[in-house]
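Quick note on full-length UniProt numbering: the sequence shown kicks off at 1 and runs consecutively.
Notes to accompany the following structure.
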Amino acid sequence: MDLPPPSEEEPNFYDLPDGHSEAENSESDSDFDPEMDQDAESESDVEEEELPMGPSFLRLNTERLRAKLGGDVCGRVKTVLEAMDGAGLNLPIFLDAVSWGDAECIRDAKVRAARTSLMLSEELPGILRRWWKPPRISNSNKKRPQGGQVVMEAFARDVTLATIERELRLLGPLLRSPKGHDIDEDELTGVKLKALIKQIEETAPHLWALMRDIASSPAQRKINTFKSPTKVILAAVAILFYSRSHHNNRLQKLFAIYFKFRGLSAKGFDTLHALGLTMSNKWTGLAVGRISKSAMDAVVALIAEFPHLLSYDNATLSFRVFSQRVDRQPEFGHGAAASVYINRVAKCQIGT
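Structure, rendered in structure tokens:
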């Protein structure tokens with residue numbers, strides 16, 4: 001079927017000079033391989049299409065052609081299919097060649113124009129949706145045609161996993177605590193959950209949207225105007241990242257220190273660690289020891305520099321065990337607790 005000839009006011013998009021191209025690259029054209037590994041490409045490797053015309057022109061051209069079809073769409077489609085039969089083509093071969101499946105078709109200006117028109121058309125989402133779930137034939141008792149549901153769902157799964165995997169790599173630094181400074185005061189107190197949630201949402205929008213749709217239904221999002229699943233999603237993302245690598249433990253370390261000073265037992269730590277929510281009880285004990293030593297070193301340094309006041313009193317601590325044995329019995333520990341008050345201003349006044 002021949003396309004209607006263009007008028008002077010309406011240029012024919014499909015007859016473009018060879019100088020126009022979509023993402024032209026001489027090296028990629030000469031080294032074309034239809035079986036290349038698409039997953040190996042990063043987001044920065046994908047070039048933008050160099051469009052000879054804007055998307056608005058493409059859609060206007062499609063609307064113009066659709067308006068001229070009239071009611072005999074099927075007849076024109078049959079004419080095209082008969083022409084394809086005469087050329088030794090069928091629909092799978094034709095679509096494969098147009099869709100970057102043939103090196104010559106990639107370079108040809110007319111094929112490029114037609115392909116770009118389809119990729120930027122408003123009809124493409126509807127085409128894909130009908131391929132996945134064809135409409136039921138009216139006035140028919142037969143089941144809905146299966147269409148390409150199996151293939152489309154498998155493809156959607158692969159695309160989703162590839163997209164999520166790319167975003168997971170970008171999220172890694174946000175959920176990884178700095179090596180050697182994981183228990184510093186600035187690091188532990190500098191974590192702002194609202195800011196972290198915003199960073200994750202901006203860095204991994206597809207992952208966040210997927211988790212949001214899983215965490216709440218459309219009805220819930222409409223009714224619960226004050227309740228938000230953002231903190232639940234944050235905890236879930238942190239657990240999943242910790243499952244992928246124990247280096248992704250920024251929130252786990254924060255929760256471990258918090259629960260330790262809230263009096264969580266060793267059994268509680270074992271349970272939360274198994275769920276991926278906190279670090280292990282052993283790590284937490286060692287971390288608290290490092291925090292205590294760091295704080296004591298800071299106090300000693302301040303005592304040597306500023307005037308200070310020391311107050312202390314006796315203290316009794318109860319040690320509990322969960323499996324009593326001969327060498328593991330509940331007991332009370334006795335000691336002394338002290339507080340040091342540093343007068344940082346006194347030295348400055350003395351110096352003046």
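Glycine included, every Cβ here is placed at the ideal spot set by N, Cα and C.
Residue closest to residue i, alpha-carbon to alpha-carbon, out of the options
i, options, result
"Ser-228", "Phe-241, Met-211 and Ser-243", "Met-211"
"Ser-311", "Arg-157, Ser-292, Ile-214 and Ile-342", "Ile-342"
"residue 358", "Ser-292, Ala-256, Ile-291 and Ser-56", "As displayed, the chain neither begins before 1 nor continues past 352, which places residue 358 out of reach and without an answer."
"Lys-179", "His-247, Ile-303 and Asp-85", "His-247"
"Ile-291", "Phe-306, Ser-243 and His-181", "His-181"
"Ala-114", "Pro-92, Asn-61 and Pro-218", "Asn-61"
"Ser-245", "Gly-172, Pro-307 and Ala-219", "Gly-172"
"Ile-303", "Val-340, Ser-265, Thr-225 and Leu-81", "Val-340"
"residue 354", "Arg-112, Val-237, Ala-87 and Thr-163", "Here the chain covers residues 1 to 352 and nothing more, so residue 354 does not appear."
"Glu-165", "Glu-82, Asp-213, Ala-336 and Val-237", "Val-237"
"Glu-122", "Pro-307, Ala-336, Ser-56 and Glu-202", "Ser-56"
Contact check, residue i vs residue j, beta carbons under 7 Å
i, j, result
"Ser-117", "Leu-58", "yes"
"Glu-167", "Leu-207", "yes"
"Ile-183", "Ala-287", "yes"
"Gln-149", "Trp-132", "yes"
"Leu-254", "Val-345", "no"
"Met-279", "Gln-252", "yes"
"Leu-174", "Gln-199", "yes"
"Lys-260", "Thr-284", "yes"
Alpha-carbon spacing of residue i relative to residue j, whole angstroms
i, j, result
"Glu-331", "Leu-317", "8 Å"
"Val-73", "Glu-63", "14 Å"
"Ile-106", "Trp-100", "6 Å"
"Leu-309", "Ala-338", "10 Å"
"residue 377", "Asn-249", "Because the chain is modelled from 1 through 352, residue 377 falls outside the range shown and cannot be assessed."
"Leu-69", "Lys-78", "14 Å"
"Ser-177", "Leu-277", "15 Å"
"Gly-289", "Ala-204", "36 Å"
"Asn-314", "Leu-196", "42 Å"
"Arg-136", "Glu-153", "19 Å"
"Arg-221", "Gly-263", "36 Å"
"Ser-243", "Ala-209", "21 Å"
"Ser-216", "Leu-95", "39 Å"
"Glu-185", "Tyr-258", "13 Å"
"Leu-91", "Ala-67", "24 Å"
"Asn-224", "Pro-218", "10 Å"
"Lys-293", "Val-299", "10 Å"
"Gly-86", "Val-151", "29 Å"
"Gly-71", "Leu-193", "59 Å"
"Leu-170", "Gly-126", "32 Å"
"Lys-110", "Ala-83", "17 Å"
"Arg-129", "Asp-158", "17 Å"
"Arg-76", "Gly-88", "19 Å"
"Glu-202", "Ala-336", "50 Å"
"Phe-226", "Phe-306", "50 Å"
"Leu-272", "Thr-230", "20 Å"
Residue i - partner residues in DSSP beta bridges
i, result
"His-334", "Thr-316"
"Ser-311", "Ser-339"
Closer than 7 Å to chain B by CB, residue i
i, result
"Leu-286", "Checking the listed chains, one finds no chain B in this structure; it contains a single protein chain."
* Segments assigned beta strand (DSSP E), at least 3 residues, entirely inside the region 219 to 261 -> none
* Unbroken stretches of the alpha helix (DSSP H), 4 residues or longer, contained in the region 131 to 214 -> 149 to 171, 185 to 189 and 193 to 203
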